[in-house]
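In what follows, a single structure is set out as structure tokens and then discussed.
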Amino acid sequence: MVHVHELLKTFHSLGCNDEALCYAACRVYIHLQEEKRMRDVRYHYAEHLNLIYLTANRESEANASDELFIPALATEEVDLAQLNRYRDGIVLPDGKKPGTIVLAICAPSSTVLLYRVTPGLKAVGEKLPSKGYTSRLHRAGENRIVK
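Going by the numbering used here, the letters in the sequence shown line up with residues 1154 to 1300, in that order.
Set out below in structure tokens:
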């Protein structure tokens, strides 16, 4: 069993002063280790990114590749450009750059949601049309959205 207070102290000793990030990383660490039963769950601190991130793997094989987990809070906005900077600035324990990032979003209900973010994901440049608007267009026989 992981002791939350000890883990939080460890994150602070690594140099992270962001209390919310430390708490989110702690929840993700416990989630990966105890609920997902992942192997080799490790935490790392990237001072140049001000980020605690985690690595783990699902395979029981010794040569299984590590996955990169980035903790985030559901109450904060996700910045795709920042995720790309994380991908570029982090080197995995095996010396390779991460291909994908698993965004671990911590909800206030203690739920941890895992989303795989692939390279090339881009933000939507403008507001998407509402479901009602697209439904009306569909019923009217339109298959394209006109402004």
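By construction, the Cβ of each residue, glycine as well, lies at the ideal position given by its N, Cα and C atoms.
Using three-state DSSP, classify Ala1133 as helix, strand or coil. With the chain covering only 1154 through 1300, there is no way to say anything about residue 1133.
Residues near Leu1160 by beta carbon distance below 7 angstroms, same chain, minus five either side: Cys1179, Tyr1182
Mind the definition here: the stretch 1205-1214 touches the stretch 1226-1237 only if three or more C-beta pairs lie below 8 angstroms; say whether that holds. No, because fewer than three Cβ pairs between the stretch 1205-1214 and the stretch 1226-1237 fall closer than 8 angstroms, the two stretches do not touch.
Name the DSSP beta bridge partners of Cys1335, please? Any property of residue 1335 remains undetermined from this structure, which presents the chain solely from 1154 to 1300.
Please go through the same chain and pick out, in chain order, the residues whose beta-carbon is closer than 7 angstroms to the beta-carbon of Gly1168, but skip the five residues on each side of it. Taking C-beta separations shorter than 7 angstroms and ignoring five residues to either side along the sequence, the partners of Gly1168 in its chain run Tyr1198, Glu1200, following chain order.
Taking all protein chains shown into account, decide if Val1265 is buried (16 or more other Cβ within 10 angstroms of its Cβ) or exposed. It is buried - the Cβ of Val1265 has at least 16 other Cβ atoms within 10 Å.
Could you tell me the distance, in whole angstroms, from the CA atom of Glu1172 to the CA atom of Pro1282? 37 angstroms
Please report the Cβ distance between Leu1267 and Leu1245, rounded to the nearest whole angstrom; I am assuming they are in contact, meaning their Cβ atoms lie under 8 angstroms. Not really, about 17 angstroms apart at Cβ, beyond 8 angstroms.
Could you check which residue in Arg1211, Gly1242, Ala1217, Pro1251 has the C-alpha nearest to that of Pro1272? Pro1251
Taking the alpha-carbon of Arg1190 as reference, which of Asn1203, Arg1211, Tyr1196, Asp1232 has the nearest alpha-carbon? Cα-wise, what sits closest to Arg1190 is Arg1211.
Taking DSSP as the reference, what is the three-state secondary structure of His1197? strand
Quick check on this structure: which residue in Lys1249, Gly1248, Ser1263, Arg1240 has the alpha carbon closest to the alpha carbon of Leu1256? Residue Arg1240 is the option with its Cα nearest to Leu1256.
Within its chain, find whatever has a CB closer than 6 angstroms to the CB of Gly1242; leave out the 5 residues flanking it on each side and keep chain order. Leu1202
Length of the line joining the Cα atoms of Gly1248 and Leu1185: 22 angstroms
Alpha helix (DSSP H) containing Leu1185: first to last residue? That residue, Leu1185, is in no alpha helix (DSSP H); it is neither H nor E in DSSP.
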